[in-house]
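Below: the structure, in structure tokens.
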Amino acid sequence: MQILELENVAKSFGKLEAVKDLSLAVPPGTMYGFLGPNGAGKTTTIRMIMEIILPDHGEILINGQPNTSREILDRVGYLPEERGVYRKMKVREALEFFAELKGMKKRDYAPQINVWLERFEMTEVQNKKMEELSKGNQQKVQFLTTVLHAPDLIILDEPFMGLDPLNANLVKDVMLEQKARGASIVFSTHQMDAAEKLCDAICLINKGQKVLDGELKSIKRNFGRNNVILAYDGKSDFLKNNELVERCDDYGNYVEVHLRDGVNPQALLAAAMQQAEISRFEVVEPSLHEIFIATVKEN
Amino acid sequence: MKKMWTVLRREYLSRVKTKGFVIGTILLPLFMLAIFILPTLFMFLKSDKPKQIAVIDLTGMVFDSLFVTLSDTNQAGQRLYNFVKHQIAAEDLEATKERLRAAVNQKGLDGFIVIPANIFEDGTAEYQAKSVSNFRENEAIRDAINRVVTDTRIRRSGLDTETIRQMVRRIKFTTKRVTPEGKEEKDEGFTFAIAYFLGFFIYMSMFIYGAIVMRSVIEEKTSRVVESVVSSVKPFQLMAGKIFGVGAVGLTQFLIWAIVMGLLSLYGLQVVGLFAPKMAGAQNIDLPSVSLGVLGFFVIFFVLGYFLYSTLYAGIGAMVNSDQEAQQLLIPVSLFIVVPILLMTYIIGNPSSQTAVILSLVPFFAPIIMLARIVVEMPPLWQIVVCLAIMVVTILGLIWIVGRIYRVGVLMYGKRPTLPEIIKWIKYA
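Respectively, the protein sequence lines represent chains A and B. Per numbering that gives the first Met the number 0, residue 0 is the first one in the first sequence, and the count goes up by one each step. Per numbering that gives the first Met the number 0, residue 0 is the first one in the second sequence, and the count goes up by one each step.
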């Protein structure tokens with residue numbers, strides 16, 4: 000049984016079809032990346048999973064059960080894209096409030112809160128009002144409320160947004176710990192390198208439709224091994240050779256090239272050496288970044 | 000249910016623990032007292048400053064008696080009205096008036112009285128002053144002139160003034176209310192005061208607690224915390240928890256006031272009694288007694304009114320992004336609350352008229368108007384039952400509609416929705 004399943008889910012706002020006939024499945028214990036350009040329908044989908052907005056049609060199952068009861072959703076932790084806290088509440092009170100909303104008993108959440116505050120180095124500020132905290136600390140508290148009740152499924156909408164590298168690292172570590180504990184994590188992000196390093200599987204949506212999904216490893220394999228990284232110094236006219244190059248991502252003296260089907264990478268190297276000095280040449284798997292751009296553009 | 004309780008507790012505690020709550024609990028009763036007692040008190044306060052008033056006495060006979068008759072003094076023993084006689088010929092009247100008006104404006108003079116030569120027949124006495132809005136002062140002057148002129152008339156006809164006065168003295172008249180139990184009850188305008196007071200209390204509560212509910216919704220919306228909350232609790236439960244929580248805050252305040260009032264009356268410090276003697280000049284006034292029945296109806300109408308209006312306020316909060324944006328939408332709601340207060344005097348005067356009956360059955364007016372009717376003259380039971388039934392049905396309907404607006408509205412940031420959009424929310428939520 001999958002931890003999360005969407006079957007033919009659709010949602011329109013007036014004339015705008017935000018999500019069209021979307022189906023996906025997240026196996027238990029997976030780190031699942033939910034990717035797509037701005038306005039692709041990621042947040043709408045996530046809000047439907049949390050039953051904050053209702054789909055026009057389709058079914059959403061969590062642990063095999065419809066998400067229409069809050070008891071099912073009690074086993075889910077959710078970090079919305081739009082962050083917000085009760086500004087007048089004290090840190091600890093806010094954590095207690097959300098733990099109780101998730102159905103926890105005081106004797107269960109009280110020790111948990113202590114552990115988490117310690118882990119996030121926030122024990123000293125637990126009796127401060129939220130509004131006295133820095134933006135970063137407020138975000139940390141909100142992130143805490145999503146993992147405090149040890150949920151089976153954690154849904155994070157842009158978890159790294161607005162965090163400094165230190166806190167981003169902390170969030171990443173906690174995500175990995177939660178996965179090790181057995182939780183499944185679905186998160187949306189624009190940071191392809193983070194997604195690439197973290198994800199077991201991804202789903203890429205564009206204009207409300209799924210364009211690609213599955214295990215990251217097999218997606219990369221299917222995308223082919225005709226990707227080349229070149230570090231060069233000199234002219235770059237060889238990149239304009241349409242017989243060899245299908246597309247490329249040129250940074251001036253570093254370039255990622257996607258070769259045409261059937262082209263031998265050595266042919267590109269030969270062409271490049273005639274015009275420039277080559278300091279690096281490597282045949283690689285396509286990066287998620289590249290897969291993202293290629294797939295979205297193709298669409 | 001448990002989650003609604005969690006929301007309710009947060010709403011309640013986060014308000015009761017604030018300084019605002021303590022201050023509000025102390026200030027509101029003082030404010031209400033001030034509103035009721037101060038204007039009356041001011042009206043009865045004698046102005047201490049003696050007034051310079053010129054008297055143009057064209058009869059030549061009134062001035063001396065007037066000077067004796069209207070001889071009230073202030074606490075320092077000075078005459079309140081310093082009359083100055085102006086003996087002039089009838090032809091100079093207009094010119095003299097002109098001159099006196101100038102004197103009034105240059106502050107030396109407070110006003111002047113003109114007593115025409117034909118005052119004993121059907122002439123009109125005239126009082127001109129910078130301010131003639133103190134009706135007690137006007138009355139004092141009128142009564143004094145009236146008395147002097149009447150006495151002169153009687154004397155001229157050859158009769159004895161004292162005898163005539165004895166003959167025309169006023170009869171005594173008292174009013175007593177028949178209670179529903181068929182007993183008589185002294186009523187010196189207190190029924191009126193109670194009806195007004197309770198109505199005004201509900202009126203203020205609807206505004207205050209409604210606004211608290213609305214602001215609470217707007218705050219969750221603007222701080223964006225609402226999305227985290229509604230992922231754990233159904234929007235409807237959130238709304239209900241909020242309304243119950245703020246309602247509980249209101250009842251807590253009532254309880255505090257009730258206990259304080261109880262203590263005050265136990266120790267004989269009857270607040271109204273402190274002011275009453277000055278107002279009516281009487282030493283012993285029975286404090287208005289509010290029967291338990293009326294108190295029960297007050298609680299019922301307060302609770303129903305609160306649910307009705309706080310639901311409306313919650314809906315408005317869900318539709319807007321800021322307090323300022325809410326103002327426009329609040330106008331119709333405020334009208335619903337204000338109209339019954341404006342109609343109060345009429346309703347109290349005619350509690351069983353057809354208009355009063357119809358108005359008291361309108362659910363938005365009922366909390367104030369039906370309660371006023373109950374206080375003044377117990378309406379037939381069926382009317383109360385119908386009124387309560389209409390209110391309950393209206394509240395349930397409103398909760399259904401607003402629950403749907405709320406569900407969509409709390410997640411809509413940005414532009415305020417148009418009416419067609421809101422109708423769509425209600426249909427599709």
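Beta carbons: idealized from backbone N, C-alpha and C, even for Gly.
DSSP-derived helix/strand/coil call for residue i
i                 : result
Met411 of chain B : coil
Glu70 of chain A  : helix
Phe189 of chain B : helix
Pro276 of chain B : With a pLDDT of 49 at Pro276 of chain B, under the threshold of 50, the modelled position of that residue is not reliable, and the figure given next carries that caveat. DSSP places Pro276 of chain B in helix when its eight states are reduced to three.
Gln125 of chain A : coil
Asp285 of chain B : With a pLDDT of 47 at Asp285 of chain B, under the threshold of 50, the modelled position of that residue is not reliable, and no figure is offered here.
Pro234 of chain B : helix
Tyr77 of chain A  : strand
Gln208 of chain A : strand
Tyr11 of chain B  : helix
Lys239 of chain A : helix
Ala194 of chain A : helix
Pro65 of chain A  : strand
Thr17 of chain B  : coil
Leu229 of chain A : strand
Ile367 of chain B : helix
Inter-residue Cα distance where the pair is residue i and residue j
i                 : j                 : result
Val407 of chain B : Ile51 of chain A  : 9 Å
Asn133 of chain B : Leu69 of chain B  : 16 Å
Val283 of chain A : Asn37 of chain A  : 28 Å
Gly207 of chain A : Glu81 of chain A  : 20 Å
Gly316 of chain B : Arg214 of chain B : 7 Å
Arg223 of chain B : Lys178 of chain A : 28 Å
Gln236 of chain B : Thr178 of chain B : 44 Å
Val295 of chain A : Met318 of chain B : 36 Å
Ile218 of chain A : Phe291 of chain A : 11 Å
Ala98 of chain A  : Pro110 of chain A : 12 Å
Pro379 of chain B : Ile153 of chain B : 54 Å
Val375 of chain B : Tyr345 of chain B : 12 Å
Tyr80 of chain B  : Leu158 of chain B : 31 Å
Met166 of chain B : Thr173 of chain B : 21 Å
Leu203 of chain A : Val84 of chain A  : 30 Å
Ala279 of chain B : Gln86 of chain B  : With a pLDDT of only 44 at Ala279 of chain B, under the threshold of 50, the placement of this residue in the model should not be trusted, and no figure is reported.
Val173 of chain A : Gln190 of chain A : 18 Å
Thr44 of chain A  : Asp322 of chain B : 31 Å
Lys105 of chain A : Ile193 of chain B : 47 Å
Ala371 of chain B : Phe300 of chain B : 11 Å
Asn73 of chain B  : Phe297 of chain B : 44 Å
Asn168 of chain A : Leu258 of chain A : 35 Å
Val216 of chain B : Arg46 of chain A  : 20 Å
Contact set between residue i and chain A, taken where Cβ atoms lie within less than 8 Å
i                 : result
Val337 of chain B : Residues of chain A passing the Cβ test: none, with the nearest at roughly 31 Å.
Leu410 of chain B : Arg46, Ile51, Ile52
Val232 of chain B : Arg69, Leu100
Nonlocal neighbours in the same chain, by C-beta distance under 8 Å from residue i, ignoring five residues either side
i                 : result
Ala270 of chain A : Phe237, Asn240, Leu243
Cβ shell of residue i (< 6 Å), same chain only, five flanking positions each side left out
i                 : result
Ile394 of chain B : Phe306, Leu307
Thr310 of chain B : Leu397, Ile398, Val401
Ala247 of chain B : Tyr11
Ile112 of chain A : Leu94
Val254 of chain A : Leu229, Cys247
Leu303 of chain B : Met390
Ala102 of chain B : Leu108
Arg279 of chain A : Ala230
Lys50 of chain B  : Tyr80, Asp109
Exposure of residue i, with buried meaning 16 or more beta-carbon neighbours within 10 Å
i                 : result
Gly251 of chain A : exposed
Ala194 of chain A : buried
Lys216 of chain A : exposed
Phe142 of chain A : buried
Ala281 of chain B : Residue confidence is low: Ala281 of chain B scores 40 on pLDDT, short of 50, so the model does not pin down where it sits. Its coordinate-derived value is still stated next. Burial call: exposed.
Glu297 of chain A : exposed
Glu176 of chain A : exposed
Beta-carbon neighbours of residue i, restricted to chain B and to distances below 8 Å
i                 : result
Thr43 of chain A  : Chain B residues near Thr43 of chain A: none, gap ~11 Å exceeds 8 Å.
Arg74 of chain A  : Those within 8 Å of Arg74 of chain A in chain B number zero; the least Cβ separation is about 11 Å.
Thr144 of chain A : Ser227
Closer than 7 Å: residue i CB and nearest the ligand ATP heavy atom
i                 : result
Ala200 of chain A : Absence of the ligand ATP is noted for the structure shown, with no ligands found whatsoever.
Cutoff 7 Å; reference residue i; Cβ partners in own chain excluding five residues on either side
i                 : result
Cys386 of chain B : Ser359, Leu360, Ala365, Met369
Tyr77 of chain A  : Met49, Thr145, Ile154
Ala266 of chain A : Leu243
Partner residues on chain A for residue i, Cβ-Cβ distance less than 9 Å
i               : result
Thr5 of chain B : Phe96, Glu99, Leu100
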